[in-house]
Amino acid sequence: MSKTQEVIELTEKFGAHNYHPLPIVISEAKGIWVTDPEGNRYMDMLSAYSAVNQGHCHPKIIQALKDQADKITLTSRAFYNDQLGRFYKKVVALTNKQMVLPMNTGAEAVETAVKASRRWAYEVKQIPGQAEIIVCSGNFHGRTMAAVSMSTEAEYQRGFGPLLPGFKVVPYGDIDAFESAITKNTAAFIVEPIQGEAGIIIPPAGYLKRASELCQQHNVLFVADEIQSGLGRSGKWFAIEWEEVEPDMYILGKALGGGVFPVSCVAANENVLSVFNPGSHGSTFGGNPLAAAVSIASLEVLEEEQLPQRSLELGTYFMDRLKSIDNPLIKDVRGRGLFIGIELTEAARPYCEALKERGLLCKETHETVIRLAPPLVITKEELDEAFEAISAVFAPAAIS
């Protein structure tokens, strides 16, 4: 039995089966390349769902991890630590907001945004009834009870009821439906500028800008969930910038920790985040010095290596090449930056498995879409190599 088979059997035997991974074991990684126990190399085209925008084991981020680990890793928020303020300053400068509240995972940051929006609605907006938050069909905001209560995917909710009330769902990209859903009790609109999990769905031009205007008009918080689409993935620092919109609140995660450590946060102005007082919200690990140090280095890598700009340039090049593939199975190729979806007329899983055999790792999403989101450090030559593998898989009779 190979080491790969041994690891898969062990994992399947003792682990809960809440994932359906491709049959590959990754034991080492560097940049865009990963290696299995037998020494086979693969190109990573998923980036851990955009958590590894800076590439695997980036030396600057790893060094920050090592340096901080030798000093102190955890204090809890019962005491100050010497890294958290630096992290705050960095995120404030990046988002143009006044305050930051750190958590660990993206789902926790979404939960924080929900709590902040509701308390703001009661204490600042002073709504007369129960707070409502408007969300979009096809959304993916995480796996907590609040997040799955916002979802329109039945499987995400099955067996987990009763769900949390207070969420109103409107069709993604339908501005008239959004406007009609606003009431005097509306606290916030939480939206992904690009829906990654739904298949790299981009809303109609002008949708986000008009939604922002309506939020301002009705004193509703505009909250951008940039956990997957932010930090350079779409070819800009934040995908919301494609429509020159500045939200009231950012939800950040994934690449905020450089693929090295779980780091997330919400960033907003003082009039929003000042609704929290001591004891109203928290996290033992949120804002820990190890996470803060790693995140600072992660953001510096994005800046110093100009990865958002690189994503825009290479993403445009790669998407143009992908659109040249002539195969009736390909229904659409869409995306922004290095955040690209290939929508098929049939199930995408067999094609992801075929691509794995050609050394390319990607994952299906929403059944029929192949998501392509490589680390932003990828080169043009490596994208050409990826294109050759994809075009070969979609050549006539490539898959029986």
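Residues 555 to 954 in our numbering are what the sequence shown lists, from first letter to last.
Every residue gets a Cβ at the ideal spot worked out from N, C-alpha and C, and that includes glycine.
Since the model is a prediction, treat every value here as computed from it, not as a measurement.
By the CB criterion at 8 angstroms, K934 and Y871 fall inside the cutoff.
If you ignore the 5 residues before and after I562, its C-beta comes within less than 8 angstroms of the C-beta of P577 and V579, all in its own chain and listed in chain order. Under DSSP, Q749 shares a beta bridge with I755. In the three-state DSSP reduction, K917 falls in the strand class (E or B). Segment contact: the region 889-896 against the region 784-801, three or more CB-CB distances shorter than 8 angstroms; contact assigned.
Under a 10 Å Cβ-count criterion, T922 is classified as buried, with 16 or more other Cβ atoms of the shown protein chains found around its own Cβ. Under DSSP, C690 shares a beta bridge with V724. The beta carbon of Y596 is closer than 6 angstroms to those of V588, G913 and L915 in its chain, skipping five residues each way along the sequence.
Secondary structure at E662: helix, using DSSP grouped into helix, strand and coil.
By a beta-carbon distance limit of 8 angstroms, A685 contacts R672. Their separation comes to about 5 angstroms. A distance of 8 angstroms or more separates the beta carbons of L868 and L806. The beta carbon of T666 is closer than 7 angstroms to those of L655, M657, V820 and H835 in its chain, skipping five residues each way along the sequence. Sorting K763, A765, N773 and Y726 by C-alpha distance to the C-alpha of A752 places Y726 at the top. Taking C-beta atoms under 8 angstroms as the contact rule, A778 and V745 qualify, at a distance of about 7 angstroms. Around the C-beta of T659, 16 or more other C-beta atoms lie within 10 Å, and the residue is accordingly described as buried. Relative to V826, the option among V689, V668 and N572 whose CA is nearest is V668.
When only Cα atoms are considered, G813 and A602 end up about 8 angstroms apart. K917 counts as buried, since no fewer than 16 other beta carbons sit within 10 angstroms of its beta carbon. Within the same chain, and ignoring the five residues on either side of S691 in sequence, the residues whose Cβ sits closer than 8 angstroms to its Cβ are T706, V723, V724, P725 and Y726.
In the DSSP secondary-structure assignment, H835 is not bridged to any residue.
Beta-carbon to beta-carbon, F732 and I688 are separated by about 7 angstroms, close enough to satisfy the 8 angstroms threshold. In the displayed model, A708 falls within a helix according to three-state DSSP. Inter-segment contact for the region 673-684 and the region 836-846 is absent: fewer than three beta-carbon pairs are separated by less than 8 angstroms.
Rounded to whole angstroms, Q860 and L628 show a C-alpha spacing of 31 angstroms. Shortest Cα-Cα distance from Q617 to any of F815, R903 and F941 involves F815.
Rounded to the nearest angstrom, the gap between the Cα atoms of Y761 and L638 is 36 angstroms. A straight line joining the alpha-carbon of K643 with that of S849 spans about 12 angstroms. Between the C-alpha atoms of Q770 and R631 there is a straight-line separation of about 34 angstroms. For A851, the closest alpha carbon among the candidates N607, P591 and A735 is that of N607.
Taking the Cα of K738 as reference, the smallest distance to any Cα among I586, F633, P682 and A949 is reached at P682. Closest option to D886, judged by alpha-carbon separation, among K625, D621 and I754: I754. Listed as beta-bridge partners of W587 by DSSP are K584 and M597. A distance below 7 angstroms between beta-carbons, with the five flanking residues on each side excluded, links Y710 to the following residues of its chain, in chain order: V702. In the displayed model, C906 falls within a helix according to three-state DSSP. Taken atom to atom, the span from the alpha-carbon of G713 to that of K808 is near 28 angstroms.
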